[in-house]
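Going by this note's numbering, the sequence shown opens with residue 24, and the numbers climb by one from there.
Note that the Cβ used here is the ideal one computed from N, Cα and C, for glycine as well.
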Amino acid sequence: MTTAPLPSNADMPTKPALRSKRLTRDERAERTRQRLVDVARKLFTDKGYFETALEEIVLEADLTQGALYHHFGSKRGLFKAVFEAVEWDWKAPHVGEAATGAEVWGQYLRENAAWGDCWEVYSYGMSTTVERLPQEESGRVILYRDGPAVLGWDEWRATHRLWAVEFNAAAISQAMEEGLIGKHDPAALASMLQAVQEECAVMVAHDEGHDVERVCDEMRRLFASFRLTTAPPTRRRWARP
24 MTTAPLPSNA DMPTKPALRS KRLTRDERAE RTRQRLVDVA RKLFTDKGYF
74 ETALEEIVLE ADLTQGALYH HFGSKRGLFK AVFEAVEWDW KAPHVGEAAT
124 GAEVWGQYLR ENAAWGDCWE VYSYGMSTTV ERLPQEESGR VILYRDGPAV
174 LGWDEWRATH RLWAVEFNAA AISQAMEEGL IGKHDPAALA SMLQAVQEEC
224 AVMVAHDEGH DVERVCDEMR RLFASFRLTT APPTRRRWAR P
């Protein structure tokens, strides 16, 4: 009886661990952080921040409370990271390479020029944010329902308004230059109109008997009242892609 020769080292299979690139400490940390954010985002959306236990998050993520505290410091710190992720998801499609609110406005206007003049584009964009909420649970629950309560009004506004007031001021300034609206202080009016949008979104997010269609109609009428022309604004409905 003959036996087969033993394979040489060259014939031996390479261990998978040696074939794949080992993760660095930073890469492992980022994976852990992202896992916690992803799990918390789903739980906060489905159940709400106050109804979600910290223990539930780490159990679902198959991690430890120590990992959560290491990366976020607290459940609130994790919520803020989730809030920023959801906020970015809403804004990212319109940002591209833009670095300022004014640049975001310019890009947004170019993308949506078919909607009409710049004031129509701006007005429609502001009301669309509110109109989307019933179909976008993460935005409704995290950005506008639980966000102000968890972060506090000042921190919520500071985190939420990234680029927003500059975006509004750029739109208002352009509408003034084109003679579509009267003369205003762009920065002051920008902050006021941002507050209108935020309050409408908070009302709809809490669903306190505020029908989203009626709320958005009121928003459109308010924006239309700034026009120097008497033509009514085009009435559109946001359609979920």
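Looking at the structure shown, is ARG266 part of a helix, part of a strand, or coil, going by DSSP?
-> Only positions 24 to 264 of the chain appear in the structure, and residue 266 is not among them; the question remains open.
For LEU212, which residues of its own chain have a beta-carbon under 7 angstroms away from its beta-carbon, when the five flanking residues on both sides are left out?
-> Locating residue 212 in the sequence shown gives position 189, counting from the first residue. So the list reads ILE195, once near-sequence residues are dropped.
Presumed contact (8 angstroms Cβ cut-off) between ALA153 and VAL238, rounded CB distance = Locating residue 153 in the sequence shown gives position 130, where the first residue counts as 1. Locating residue 238 in the sequence shown gives position 215, where the first residue counts as 1. According to the sequence shown, residue 153 is Val rather than Ala. About 6 angstroms; that satisfies the 8 angstroms criterion.
Proximity winner among ALA76, ILE80, LEU46, ASP69, relative to ARG58 (alpha-carbon distances) | The residue labelled residue 58 in the question sits at position 35 within the sequence shown. The option with the nearest alpha carbon to ARG58 is ILE80.
Using alpha carbons as the reference points, say which of LEU91, ASP69, LEU166, LYS65 lies closest to LEU77.
-> Here residue 77 refers to the residue found at position 54 when the sequence shown is read from its first residue. For the residues LEU91, ASP69, LEU166, LYS65, the minimum Cα distance to LEU77 belongs to LEU91.
Along the chain, where does the alpha helix (DSSP H) that runs through CYS158 open and close?
-> Residue 158 sits at position 135 when you count from the first residue of the sequence shown. Per the sequence shown, residue 158 should be read as Gln rather than Cys. From DSSP, GLN158 is part of no alpha helix (DSSP H); its letter is neither H nor E.
Starting from the N-terminal side, write out each stretch of the alpha helix (DSSP H) that is 4 residues or longer and does not extend beyond the region 158–192.
-> 170–174, 176–183
Does the region 118–125 come close enough to the region 86–104 to have 3 or more Cβ pairs within less than 8 angstroms?
-> no
Taking contact to mean at least 3 C-beta pairs separated by less than 8 angstroms, is the region 150–167 in contact with the region 216–231?
-> yes
Quick one: what's got a C-beta closer than 6 angstroms to PRO36's C-beta in the same chain, skipping five residues either side?
-> The count along the sequence shown starts at 1 and reaches residue 36 at position 13. Only weak support exists for where PRO36 lies, its pLDDT of 48 falling under 50; the coordinates are left without a value.
Rounded to the nearest angstrom, how far is the Cβ of LEU156 from that of VAL60, given a contact under 8 angstroms?
-> Along the sequence shown, read from residue 1 onward, the residue named residue 156 stands at position 133. Along the sequence shown, read from residue 1 onward, the residue named residue 60 stands at position 37. About 21 angstroms separates the two Cβ atoms, so there is no contact after all.
Just mark ARG99 as buried or exposed, buried being the case when its beta carbon has 16 or more other beta carbons within 10 Å.
-> For this step, residue 99 is matched to residue 76 along the sequence shown. Per the 10 Å Cβ criterion, exposed.
Give the straight-line distance between the Cα atoms of LEU216 and CYS141, rounded to the nearest whole angstrom.
-> If you number the sequence shown from 1, residue 216 lands on position 193. If you number the sequence shown from 1, residue 141 lands on position 118. Each residue's Cα considered, the two are about 16 angstroms apart.
Quick one: is ALA192 buried, meaning 16 or more other Cβ sit within 10 Å of its Cβ, or exposed?
-> Mapped onto the sequence shown, residue 192 falls at position 169. ALA192 comes out buried.
Sufficient close CB pairs (3 or more, under 8 angstroms) joining the region 195–206 to the region 173–185 | no
Inspect the beta-carbon positions of ARG64 and VAL105 and report whether they are closer than 7 angstroms.
-> As a working mapping, residue 64 is identified with position 41 in the sequence shown. As a working mapping, residue 105 is identified with position 82 in the sequence shown. For ARG64 and VAL105, yes; Cβs fall inside 7 angstroms.
Per DSSP, ILE80 is paired with what?
-> The count along the sequence shown starts at 1 and reaches residue 80 at position 57. For ILE80, which the question treats as bridged, DSSP gives no partner whatsoever.
Ends of the alpha helix (DSSP H) at ASP112?
-> The residue given as residue 112 occupies position 89 in the sequence shown. Where ASP112 is concerned, the enclosing alpha helix (DSSP H) stretches over 98–118.
Hey, how far is the Cα of LEU5 from the Cα of TRP138?
-> It is not possible to answer for residue 5, since the shown part of the chain is limited to 24 through 264.
For my contact list, HIS94 and ARG51 are in at a C-beta cut-off of 8 angstroms; report their separation, rounded to the angstrom.
-> By 1-based counting over the sequence shown, the position of residue 94 is 71. By 1-based counting over the sequence shown, the position of residue 51 is 28. With a Cβ gap of about 12 angstroms, HIS94 and ARG51 do not count as contacting.
Stretch pair the region 165–174 + the region 107–114: three plus CB contacts closer than 8 angstroms | yes
Where does VAL153 fall in DSSP's three states?
-> As a position in the sequence shown, residue 153 is number 130, starting the count at 1. VAL153: helix per DSSP, three-state reduction.
Which whole-angstrom value describes the C-beta separation of LEU66 and THR75, a residue pair presumed to lie in contact below a C-beta threshold of 8 angstroms?
-> Along the sequence shown, one-based indexing puts residue 66 at 43. Along the sequence shown, one-based indexing puts residue 75 at 52. Yes, LEU66 and THR75 are in contact; Cβ-Cβ is about 5 angstroms, under 8 angstroms.
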